[in-house]
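Enquirer:
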Amino acid sequence: MSAGEQIALFLDMMAAERGASANTLDAYRRDLDDVAARLAGRGCALSEAATSDLETVLADLREDGLSAATAARRLSAMKRFYKFLLVEGLRQDNPAGHLRGPKQARSLPKILSEADVDGLFTAAARLDGAAGARTRALMELLYAGGLRVSELVSLPLSAFIRAEQCISITGKGGRERLVPLTEAALDAVEDYRLLRDQHLPSDVNKRRKAERFLFPSRTAKAGHITRERFAQILRELTLAAGMDPAKVSPHVLRHAFATHLLANGADLRAVQLLLGHADVSTTQIYTHVLDERLKQIVETAHPLARKT
């Protein structure tokens, strides 16, 4: 069995048993393809690699100047892949089992201030027509719900539970969560839907497909707007707000959602549930962000700090 066939089997397992998303599967495929290519360059097959061979791959990554985060991701993919081969009886050991990746300095997520977010919403309020209504609905849902961009663009209409003022989200690993929405978000969605429904295609089949998603697309294969299209919309809005597009992204707004909640007294566990994090340790990074911001405030605003 070739390396490509084994990788395909592994990805099938990750999709079927772990509920891995398309983006996660693509990342595993790229990582394992890279490892296989590096091993092949040394005359070693992916399925037959020994621990020493994989150590050489990690050394090659360092020599190529790739980041510690990239090396750690490659190692994680190798560990999962060889564990799969072991469970399936395709190997008698896991050569990556005892390997350790480089230590990573955990970087703090980029966030926006509440004033920055207000600036984006002010710019969105100035937009006209159906496109403007769509932008406001996208922004309200992204920031009010702390959604991942993939969750946002693919929202089905069936996700909305108007009576309970929330939406049902299926996130990473197939985990479901209920996300409450603000009145402003619900109103923005309702305003957008009124305009959206006026522009649905007249063809019955096309109309039925478009009605599945809150943000349909006539050109995208999936039937809803793409992540790339939303990134373009957000970039245009950021420029209209007089801000640097390099500092604003869908994930930065998700970070802002979490940090602003915690700064205003929200419980860490509650924020974990809203974000759909499997482990609260992932959510705790936002408390470090607040600590850093407080430290910066003291260093720049405290009278004694200014004298030093």
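Mind the numbering: the sequence shown is residues -5 to 302 in my numbering, read in order.
By construction, the Cβ of each residue, glycine as well, lies at the ideal position given by its N, Cα and C atoms.
Where do the ends of the beta strand (DSSP E) carrying Glu170 lie?
Expert: Glu170 to Pro174
Enquirer: How many Å lie between Ala178 and Tyr137 at the Cα?
Expert: The alpha-carbon atoms of Ala178 and Tyr137 are separated by roughly 11 Å.
Enquirer: Can you tell me whether DSSP reads His245 as helix, strand or coil?
Expert: Helix.
Enquirer: Quick one: complete alpha helix (DSSP H) runs, 4+ long, within the stretch 36 to 95?
Expert: 45 to 57 and 62 to 81
Enquirer: Could you spell out where the beta strand (DSSP E) holding Ser162 opens and where it closes?
Expert: Cys160 to Thr164
Enquirer: Would you list the one or two residues that DSSP bridges to Phe154?
Expert: Ile161
Enquirer: Between Glu230, Leu256 and Ala(-3), which has its C-alpha nearest Gly126's C-alpha?
Expert: Residue Glu230 is the option with its Cα nearest to Gly126.
Enquirer: For His218, which beta-bridge partners are listed by DSSP?
Expert: Pro210
Enquirer: Do Phe251 and Arg128 come within 8 Å of each other at the CB atom, strictly closer than that value?
Expert: no
Enquirer: Should Ile163 go down as buried or exposed, given a rule of 16 or more other Cβ atoms within 10 Å for buried?
Expert: With 16 or more neighbouring CB atoms inside 10 Å of its own CB, Ile163 falls in the buried class.
Enquirer: Give the secondary structure of Glu205 by DSSP, where H, G and I count as helix, E and B as strand, and everything else as coil.
Expert: Note: Glu205 maps to coil in three-state DSSP.
Enquirer: Relative to the C-alpha of Gly(-2), which candidate in Val29, Glu11 and Arg12 has its C-alpha closest?
Expert: Val29
Enquirer: In or out: Val51 buried (at least 16 other Cβ within 10 Å) or exposed?
Expert: buried
Enquirer: Report buried or exposed for Glu145, applying the criterion of at least 16 other Cβ atoms within 10 angstroms of its Cβ.
Expert: buried
Enquirer: Give the single residue among Arg120, Asp191 and Leu141 whose Cα lies nearest to the Cα of Leu172.
Expert: Leu141
Enquirer: From the DSSP output, in three-state form, read off Ser144 for me.
Expert: helix
Enquirer: Can you confirm whether the stretch 19 to 26 touches the stretch 2 to 9 when touching is taken to mean that 3 or more C-beta pairs between the two stretches lie within less than 8 Å?
Expert: Contact annotation: the stretch 2 to 9 touches the stretch 19 to 26, with at least three C-beta pairs closer than 8 Å.
Enquirer: May I have the straight-line CA-CA distance separating His254 from Val242, to the nearest angstrom?
Expert: Taking the straight line from one Cα to the other gives about 16 Å.
Enquirer: Hey, could you find the ends of the alpha helix (DSSP H) Ile1 is sitting in?
Expert: Ala(-3) to Glu11
Enquirer: Applying the criterion that 16 or more other CB atoms from any shown protein chain within 10 Å of the CB defines a buried residue, is Ala216 buried or exposed?
Expert: Label assigned to Ala216: exposed.
Enquirer: When DSSP labels each residue in this structure, what does Ile105 get in the three-state scheme?
Expert: coil
Enquirer: Can you give the Cα-Cα distance for Met72 and His249, rounded to whole angstroms?
Expert: 29 Å
Enquirer: Classify Asp273 as helix, strand or coil using the three-state DSSP reduction.
Expert: coil
Enquirer: How many angstroms separate the CA atom of Leu194 from the CA atom of Thr116?
Expert: 28 Å
Enquirer: Let me make sure I understand the geometry here. Which of Met(-5), Asp273, Asp27 and Arg74 has the alpha-carbon closest to that of Lys166?
Expert: Asp273
Enquirer: Where does the unbroken alpha helix (DSSP H) through Gly123 begin, and where does it stop?
Expert: Gly123 to Gly139
Enquirer: Nearest CA to the CA of Ala214: which residue from Arg190, Ser148, Arg187 and Val265?
Expert: Ser148
Enquirer: From Thr64 to Pro150, what distance separates their C-alpha atoms?
Expert: 34 Å
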